[in-house]
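The block underneath contains the structure these notes are about, expressed in structure tokens.
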Amino acid sequence: MKKILTIIVLGISLFWGENTMATEALNIKQQAIAEAASYAARGNQDGLKRALIKGLDNGVTVNEFKEILVQVYAYCGFPRSLNALTTLMQVTEARGSKDDAGALPGAKPTGSALEYGAANQTRLIGAPVSGKLYEFAPAIDEFLKAHLFGDIFARDNVDWQTRELATIAMLASMENTQSQLESHIKIGRHNGLSEAQVAEILAIADQTGVDDVLFGKGGENTAYAKYFIGTSYLQPLTRDGVGISNVTFEPKCRNNWHIHHKGGQILLVVAGRGWYQEWGKPAQELHPGDVVNIPPEVKHWHGAAKDSWFTHIAVAVPAEGASNEWLEEVSDEEYDKLK
Ligand code: MN
1112 MKKILTIIVL GISLFWGENT MATEALNIKQ QAIAEAASYA ARGNQDGLKR ALIKGLDNGV
1172 TVNEFKEILV QVYAYCGFPR SLNALTTLMQ VTEARGSKDD AGALPGAKPT GSALEYGAAN
1232 QTRLIGAPVS GKLYEFAPAI DEFLKAHLFG DIFARDNVDW QTRELATIAM LASMENTQSQ
1292 LESHIKIGRH NGLSEAQVAE ILAIADQTGV DDVLFGKGGE NTAYAKYFIG TSYLQPLTRD
1352 GVGISNVTFE PKCRNNWHIH HKGGQILLVV AGRGWYQEWG KPAQELHPGD VVNIPPEVKH
1412 WHGAAKDSWF THIAVAVPAE GASNEWLEEV SDEEYDKLK
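Read in order, the letters of the sequence shown are residues 1112 to 1450 in our numbering.
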């Protein structure tokens, strides 16, 4: 009797465990699709190739990837889509016939694409879409409805939740599309993506921006690890005259409070989202393109946001007798106050 009960309890906990995971995290197919969409949006063919291989090895079909990379054109333009599809073609050719082609879309709905597209759009978003912009430029409203939500979203071999997952990954990988990204996060949530899954898609999109940044990620920063919480990566760029390094922080990673004596430091933000804080002052949020000029003798720290990778170039301003003084950690209590 005890044995049977144990089996039942184990069975329930296994089922519960699997169920919880399914709602809490992206599965490996979803991860690969988010990575592929993000790399395609960035135009990074090497990264895309890795994501496609990961997906194909784990059950994403060739036709599912074709759908996602065709959809890329609606959000990122034909050049990104055509280059991404070329990469998919090359990857599948190189792998021979071992990949599952997967289902093709079913027959198109009958009637006008504008009508069923408008109905799809309403169902996808949860309410009819209208607004001043669409009155100002009615052509874009028609193209969105008839073409994006009609022609593309009527192709039913990829479900809408997956299409939204890909769209969120694409928009999070592009510059200055914050309002569209926010809308699509709401649409993704409306189509069953959990808050944790959305956070994971955004983290994937940040990471694809860091993996292949202009100056390289470099190796794990073991030499300075004792002055950091979390893992950081260091790519030294030059030591002649001026010390310049590219530093990448994983989400939540930050360095201890520290002081640059004599010579200060200049930070040039390259990718992701992070923080800079001077002792006794509020923390400053940092984004790509931001420049922080840290004067000598100012106690400060810098690092990633809790949900984002972060990369900055650190320039050591040369001065005679310059040195660094490493101080206490930035406590979880202090750090967790930051968004
Ligand atoms: Mn510093």
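Note that CB positions come from ideal geometry on N, CA and C, so glycine has one too.
- According to DSSP, which residues form a beta bridge with P1347? S1356
- Please list, in chain order, all residues of the same chain as A1314 whose beta carbon is under 8 Å from its beta carbon, the five residues on each side excluded. P1362, D1418, S1419, W1420
- Whole angstroms is fine: what's the gap from H1413's alpha carbon to V1441's? 10 Å
- Message: Considering only heavy atoms of the ligand ATP, does any lie closer than 7 Å to the CB of S1356?
- Response: Inclusion of the ligand ATP in the displayed structure is not the case, the ligand content consisting of the ligand MN alone.
- Task: Using three-state DSSP, classify Y1387 as helix, strand or coil.
- Result: strand
- Query: What are the partner residues of S1434, as DSSP defines its beta bridges?
  - Reply: H1372
- Cβ pair D1322, G1158 closer than 8 Å: Taking 8 Å as the Cβ cut-off, D1322 and G1158 qualify as a contacting pair.
- Query: From Q1142 to N1367, what distance separates their C-alpha atoms?
  - Reply: 32 Å
- Check whether the Cβ atoms of F1360 and S1343 sit closer than 8 Å, and answer yes or no. yes
- Task: Starting from the Cα of K1085, find the closest Cα among A1415, P1429, L1438, I1251 and give me that residue.
- Result: The structure shown does not extend to residue 1085, since the chain is modelled only from 1112 through 1450, so no value can be given for it.
- Query: When you compare only the Cα positions, how much space is there between N1092 and R1300?
  - Reply: As displayed, the chain neither begins before 1112 nor continues past 1450, which places residue 1092 out of reach and without an answer.
- Query: From the DSSP output, which residues share a beta bridge with H1413?
  - Reply: Y1387
- If you drop the 5 nearest sequence neighbours on each side, which residues of the same chain put their C-beta closer than 6 Å to that of P1429? V1353, G1374
- Query: According to the Cβ coordinates, are W1437 and H1411 closer than 8 Å?
  - Reply: no
- Message: For A1277 and A1148, I'd like the C-alpha separation in whole angstroms.
- Response: 5 Å
- Item | Stretch-stretch touch, CB-based, cutoff 8 Å, three pairs: the stretch 1184-1198 with the stretch 1226-1245 | Short answer: they don't touch.
- Message: If you measure between the beta carbons of C1364 and G1329, is that distance less than 8 Å?
- Response: no
- Query: DSSP beta-bridge partners for W1331?
  - Reply: The residue asked about is misnamed: residue 1331 is Glu in this sequence, not Trp. Partner(s): Y1344.
- Within 8 Å, strictly: CB atoms of P1083 and V1381: Residue 1083 is absent from the model: the chain starts at 1112 and stops at 1450.
- Query: Mind checking L1397: buried by the 16 CB within 10 Å criterion, or exposed?
  - Reply: Buried, by the Cβ-count rule.
- Which partner residues does L1137 have in the DSSP bridge list? As far as DSSP is concerned, L1137 takes part in no beta bridge.
- Item | H1423 in three-state terms, based on DSSP | Strand at H1423.
- Item | Start and end residues, alpha helix (DSSP H) containing N1194 | Per DSSP, the continuous alpha helix (DSSP H) segment holding N1194 begins and ends at 1189-1205.
- Query: Taking Cβ to Cβ, would you say H1295 is nearer than 8 Å to I1279?
  - Reply: Yes, Cβ-Cβ distance for H1295 and I1279 is below 8 Å.
- Message: Measuring straight from C-alpha to C-alpha, what distance separates N1174 and P1393?
- Response: The straight-line gap from Cα to Cα measures roughly 50 Å.
- Member of F1339, L1255, T1203 whose CA lies at the smallest distance from the CA of A1162: T1203
- Item | Bridge-paired residues (DSSP) for N1287 | Per DSSP, none; premise fails for N1287.
- Query: Going along the chain, which residues of its own chain have a beta-carbon closer than 8 Å to the beta-carbon of N1302, five neighbours each way excluded?
  - Reply: L1235, W1271, Q1272, E1275
- Segment limits, beta strand (DSSP E) that includes W1397: Correcting the residue type first, residue 1397 is Leu in the shown sequence and not Trp. Note, L1397: beta strand (DSSP E), 1395-1397.
- Task: Measure the CB-CB distance between M1281 and V1183 and report whether it falls below 8 Å.
- Result: yes
- Message: Between H1369 and the ligand MN, is there a pair consisting of the residue's CB and a ligand heavy atom that are separated by less than 7 Å?
- Response: yes
- Message: Quick check on R1300: does DSSP put it in helix, strand or coil?
- Response: R1300 falls in the helix class under three-state DSSP.
- Query: Is R1266 helix, strand or coil when you go by DSSP?
  - Reply: Coil.
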